[in-house]
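Enquirer: These protein sequence lines are chains A and B, in that order. Using my numbering, you'd call the opening residue of the first sequence number 1 and step up by one each time. Using my numbering, you'd call the opening residue of the second sequence number 1 and step up by one each time. Quick one: the structure is below, and I'll ask about it shortly.
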Amino acid sequence: MNNEFKAALLSEDTRFYSEIDAQTLQEKEIRLNVYRNNVVVSLIDALSDIFPVTQALVGDDFFRAMAKQYLLVSPPESPIISEYGHLFSDFIRQFEAAQSLPYLADLAALEYSLLALTHDVEHATLNHEQIAEAFAQVDDPSALYLSLPPTSLLLASPFAIGSLYHAHRNDGDLRLNQVAIQEGEYLLLAKSHLVAQLHVISYQEACFFKQLLQNKKLEEALPDSDEFDLGAVLAKLIEWKLITTISDQPLAAE
Amino acid sequence: MSRFTPKVEDATLASSTFSSLSGISLKPAYYHSILADLPEVGFFEIHAENYLSNGGPARHYLHKIREHYPLTVHGVGLSIGGETPLNIEHLKRVSKLVNELQPVVFSEHLSWSTHHSQFLNDLLPVPYDGPTLDRVCRHIEQVQEYLQRQILLENPSTYFEFTRSNMSETDFIREIAKRTGCGLLLDVNNVEVSCFNNRTNPYDYLNDFPLNAVGQMHLAGHTIDSNTTLPLKIDSHDEPVSQDVWALYQYTCVQLDALGQACPTLIERDGNLPPLTELLAEARYADTIRQTALEGNSYEQRI
């Protein structure tokens, strides 16, 4: 019976109507509509909470219409509603009405990854003093192993979605109309303390962080480029509070 | 699956050690005020499904708040009324949380939300007949086995009745408590909403409700459905508790007190969140009503 009930909630299917105790067809529909509305509106609201920048980009009406199409074909697969929407970016990629914004799917994927990272486990990071002390204790800092939270993610995007995200959240250097959306970007998603951070980084920085995440010592991790300024990059990692350990030994595999 | 041993009496045992003050829903918007002011309130209630992540702000603040207050955990996703088997992975995650938090109460709903692997994010109704009763009881026994504790089952808010139902809701719930040993969470707003929508008398419902198994109460606000043809009350949790629900609550407190039963009460709020002080004021109002019911009963006993 719940198969028919579910069909009645997500479509015009009327097989379930005989189960509803009511005088008229109209009464059955009014009563059923309360549940239809609860399901659809609560799931649209959930997607709106999970993808606020995507929503801001396309406007509320467009977003809610798109979200409704999505939830009808992909209802949640888990009762943990903050995990809902892992297929939303794939849906957007093939959603006809969103084709004029080719970067929208990537932006939604970015938002989903950031939220998932926020909900992921915390890793303690070192403070300024601990970092200074670790470097002071060795003769050759280039032999040190420096690790980032293992949940950190590096992304290469064909569009400037990191800058777009910051501009929408009003926490970047650029205003929305200054974002050159067609320019590709490298992104670091990492978590210090409770909330995921998003950083737009250079290609060299991305290469360097990738080596660190693969447990290479500093001298091996350094990109072969004159433009790379190790001091400046370390200063950023210290400021972002993303260094979890500094050691003269590689991190033991977990 | 073997039957879980605790019986209905254990609900009163748990209640006796439970705070005598009413509690409120814990919402992220309140984390900072709560930790800064440590207001006087009996307990905070969380939705289990909002705290099942491995990390993040919600879990962080929950653990800080837990250092100062008792907690109750309210499940909204176990789908006890579902036709398909319980989602065991989910049950395990909930069980881990309950084990970690050791709440005073764990409660769930007489409703379903999952069919096969699809979750519909609403508390959907079940018919009151023999096969459903057997299934709901099996699921409750399974949950109590996993959690290794008695759960409280909440009466639903409903917007229609099933043609196939052949028992009253109160008989159905009484039978569940009897068979499974679970306690009951009496949501007084749900009584008002369901009775209004199904054109029955909420006082008759309360008179027929197995109050001896009640271990906790919920109070919440409702709204009126926007359709203009058929008046329906919607269990929206986004308004203050209404006057008709306060009256039902007062009536219930008198009945419960006559049974010698203490029932911690939750002011439940999920949307249109007011300043924290307003929810705390509602909780104090509930305390006043409970206290007055208590004094009224002892006065009657004296004369």
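Don't be surprised by glycine CBs; every beta carbon is placed ideally from N, CA and C.
Report all residues from its chain with a CB closer than 7 Å to the CB of ILE238 of chain A; omit the five preceding and five following residues, and keep chain order.
Expert: So the qualifying residues of the chain are HIS128 and ILE131.
Enquirer: Between the region 107 to 141 of chain A and chain B, which residues of the former have CB atoms less than 8 Å from a CB of the latter, in chain order?
Expert: Within the region 107 to 141 of chain A, the qualifying residues are THR118, HIS119, ASP120, VAL121 and GLU122.
Enquirer: Report yes or no: is there a C-beta of chain A within less than 9 Å of the C-beta of GLY77 of chain B?
Expert: So, interface residue.
Enquirer: Please report the Cβ distance between TYR165 of chain A and LEU198 of chain A, rounded to the nearest whole angstrom; I am assuming they are in contact, meaning their Cβ atoms lie under 8 Å.
Expert: That belief holds up - the Cβ atoms of TYR165 of chain A and LEU198 of chain A are roughly 6 Å apart, short of 8 Å.
Enquirer: Under three-state DSSP, which class holds ASP139 of chain A?
Expert: Correct three-state label for ASP139 of chain A: coil.
Enquirer: Comparing the C-beta of ALA56 of chain A with each C-beta of chain B, is any distance below 9 Å?
Expert: With 9 Å as the cut-off, ALA56 of chain A does not count as an interface residue toward chain B.
Enquirer: I'd like the ranges of any beta strand (DSSP E) spanning at least 3 consecutive residues and lying wholly in the region 31 to 94 of chain B.
Expert: You should have 44 to 47 and 71 to 74.
Enquirer: Using 9 Å as the limit for Cβ to Cβ distance, is PRO76 of chain A near chain B?
Expert: Output row for PRO76 of chain A: interface = yes.
Enquirer: Any C-beta of chain B sitting closer than 9 Å to the C-beta of SER163 of chain A?
Expert: So no, SER163 of chain A is outside the interface.
Enquirer: Using a Cβ-Cβ distance cut-off of 9 Å, determine whether GLU183 of chain A contacts chain B.
Expert: Output row for GLU183 of chain A: interface = no.
Enquirer: I'd like to know if ILE50 of chain A contacts chain B, where contact means its C-beta is closer than 9 Å to some C-beta of that chain.
Expert: For ILE50 of chain A, the answer is no, since every Cβ of chain B falls outside 9 Å of its Cβ.
Enquirer: Would you call the CB atoms of ALA116 of chain A and ILE92 of chain A closer than 9 Å?
Expert: Their beta carbons are not under 9 Å apart, which means ALA116 of chain A does not touch ILE92 of chain A by this criterion.
Enquirer: Counting only C-beta atoms, is THR200 of chain B closer than 9 Å to chain A at any point?
Expert: No, its Cβ sits nowhere closer than 9 Å to a Cβ of chain A.
Enquirer: If the cut-off is 7 Å on Cβ atoms, which residues from the region 48 to 65 of chain B count as contacting chain A, listed in chain order?
Expert: Taking 7 Å as the Cβ-Cβ cut-off against chain A, the residues of the region 48 to 65 of chain B that qualify are GLU49, LEU52, SER53, ASN54, GLY55, GLY56, PRO57 and HIS60.
Enquirer: Please classify HIS123 of chain A as buried or exposed, where buried requires at least 16 other C-beta atoms within 10 Å of its C-beta.
Expert: Answer is buried; the Cβ neighbour count reaches 16.
Enquirer: Say whether chain A places a C-beta atom closer than 9 Å to the C-beta of GLU161 of chain B.
Expert: With 9 Å as the cut-off, GLU161 of chain B counts as an interface residue toward chain A.
Enquirer: What number of angstroms, rounded off, separates the C-alpha of GLN150 of chain B from the C-alpha of LEU91 of chain B?
Expert: Distance between the alpha carbons of GLN150 of chain B and LEU91 of chain B: 15 Å.
Enquirer: So LYS178 of chain B is in the beta strand (DSSP E); what residue range does that whole segment cover?
Expert: Not the beta strand (DSSP E): LYS178 of chain B falls in the alpha helix (DSSP H), residues 169 to 180.
Enquirer: One question on the structure: do ILE261 of chain A and GLU49 of chain B come within less than 9 Å of each other, judged by their Cβ atoms?
Expert: Lying before the first or after the last residue shown, residue 261 of chain A is absent from chain A, which here runs from 1 to 254.
Enquirer: Using beta-carbon positions only, say whether THR118 of chain A and SER192 of chain A come within less than 9 Å of one another.
Expert: It is not a contact, given that the beta carbons lie outside the stated cut-off.
Enquirer: Using the three-state DSSP reduction, which class does ARG3 of chain B fall into: helix, strand or coil?
Expert: Model confidence at ARG3 of chain B stands at a pLDDT of 44, short of 50, so the residue's coordinates are unreliable; what they give is reported in the following sentence. Coil, per DSSP.
Enquirer: Are ARG36 of chain A and LEU9 of chain A touching if we call contact CB-CB under 9 Å?
Expert: It is a contact, given that the beta carbons lie within the stated cut-off.
Enquirer: Note the first and the last residue of the continuous alpha helix (DSSP H) segment covering ASP60 of chain A.
Expert: Where ASP60 of chain A is concerned, the enclosing alpha helix (DSSP H) stretches over 60 to 73.
Enquirer: Can we say the region 158 to 175 of chain B touches the region 24 to 39 of chain A, given the rule of at least three CB pairs closer than 8 Å?
Expert: Flag = yes, the region 158 to 175 of chain B and the region 24 to 39 of chain A touch.
Enquirer: Looking at chain A, which residues of the region 106 to 118 of chain B have a Cβ within less than 8 Å of any of its Cβ atoms?
Expert: For the region 106 to 118 of chain B, which is checked against every Cβ of chain A, the residues closer than 8 Å are TRP112, SER113, THR114, HIS115, SER117 and GLN118.
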